[in-house]
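Colleague: In this note's numbering, the protein residues as written are 3 to 217.
Ideal Cβ placement from N, Cα and C applies to all residues, glycine included.
All of these numbers come straight from a predicted model, not from anything done at the bench.
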Ligand code: URA
């Protein structure tokens, strides 16, 4: 989705001073079968401009395929739409000197708040009925800090309001509109714990009952 310039300017203003690179717009149809909300893009996504295009994306596409969905049928976005990066000085043996690296990292709560206008705008315009929150950052952005993936993974929270920016745009309030939110491990979780693979596979099968195929 093309974000309006006024929205980009607002988020850039709110993000001043944070180590965030580029903007990777969310993508997919309006009134999709599902909306997927992730954490934040990484280097691959910033370069390709395609959400979930890297290694996590491959895992996510496998999960979608397991319930008969293609990328084009879902709307994919995340809590933060720029790449959060760290700044690390490391010794490069190859160059025989200290070099600075800028690795991907998790977004902070302040960055999630700074980028909230993007996700609010997308939800308002895309009008999903069912939202799959992949990972803790996404789940808490939508439902608050009482929710954890370890407790809710694979579960649907039905007919629930979600968090959106308040009028002053400095915190969150509950939406009037209600949604079905399904909590899911982030697809990258399997890279750190292979045992999650089977659990994630089963959790995705639960999503099938909630799929709304586009009209
Ligand atoms: N992780 C996310 O949450 N989103 C992406 O686009 C890529 C990795």
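Do residue 146 and residue 165 come within 8 Å of each other at the CB atom, strictly closer than that value?
Modeller: One-based indexing of the chain shown puts residue 165 at position 163. One-based indexing of the chain shown puts residue 146 at position 144. Result yes, Cβ atoms of residue 165 and residue 146 sit closer than 8 Å.
Colleague: Between residue 14 and residue 51, is the Cβ-Cβ spacing less than 8 Å?
Modeller: For the purposes of this step, residue 14 is identified with residue 12 of the chain shown, where counting begins at 1. For the purposes of this step, residue 51 is identified with residue 49 of the chain shown, where counting begins at 1. Not a contact, by the Cβ cut-off of 8 Å.
Colleague: Specify, as a first and last residue, the run of the alpha helix (DSSP H) that residue 123 falls within.
Modeller: By one-based count along the chain shown, residue 123 stands at place 121. Here the alpha helix (DSSP H) through residue 123 covers 118-128.
Colleague: What three-state label does DSSP hand residue 139 in the structure shown?
Modeller: The count along the chain shown starts at 1 and reaches residue 139 at position 137. In the structure shown, residue 139 sits in a helix (DSSP, three-state: H, G or I).
Colleague: Relative to the C-alpha of residue 77, which candidate in 48, 127 and 11 has its C-alpha closest?
Modeller: As a first step, residue 77 must be located in the chain shown, where it is residue number 75. It is 127.
Colleague: Taking 8 Å as the threshold, find out whether the segment 150-168 comes into contact with the segment 91-109 through three or more Cβ pairs.
Modeller: The segment 150-168 vs the segment 91-109: no contact.
Colleague: Please state whether the Cβ-Cβ distance between residue 202 and residue 192 is less than 8 Å.
Modeller: Position 200 of the chain shown, counted from the first residue, corresponds to residue 202. Position 190 of the chain shown, counted from the first residue, corresponds to residue 192. The answer is yes: Cβ separation under 8 Å.
Colleague: Is residue 29 close to the ligand URA? I mean its beta-carbon at under 7 Å from any heavy atom of the ligand.
Modeller: Position 27 of the chain shown, counting from 1, holds the residue named residue 29. Not so, every heavy atom of the ligand URA lies at least 7 Å from the Cβ.
Colleague: Whole angstroms is fine: what's the gap from residue 24's alpha carbon to residue 178's?
Modeller: Against the chain shown, residue 24 aligns to sequence position 22. Against the chain shown, residue 178 aligns to sequence position 176. If I take the Cα positions, the gap works out to 32 Å.
Colleague: Near residue 75, what residues of its chain come up, given a Cβ to Cβ distance below 6 Å and the 5 sequence neighbours on each side ignored?
Modeller: As a working mapping, residue 75 is identified with position 73 in the chain shown. Here the set comprises 35.
Colleague: Among all the DSSP beta bridges, which residues are the ones paired with residue 181?
Modeller: Walking along the chain shown from the start, residue 181 turns up at place 179. Paired residues: 162.
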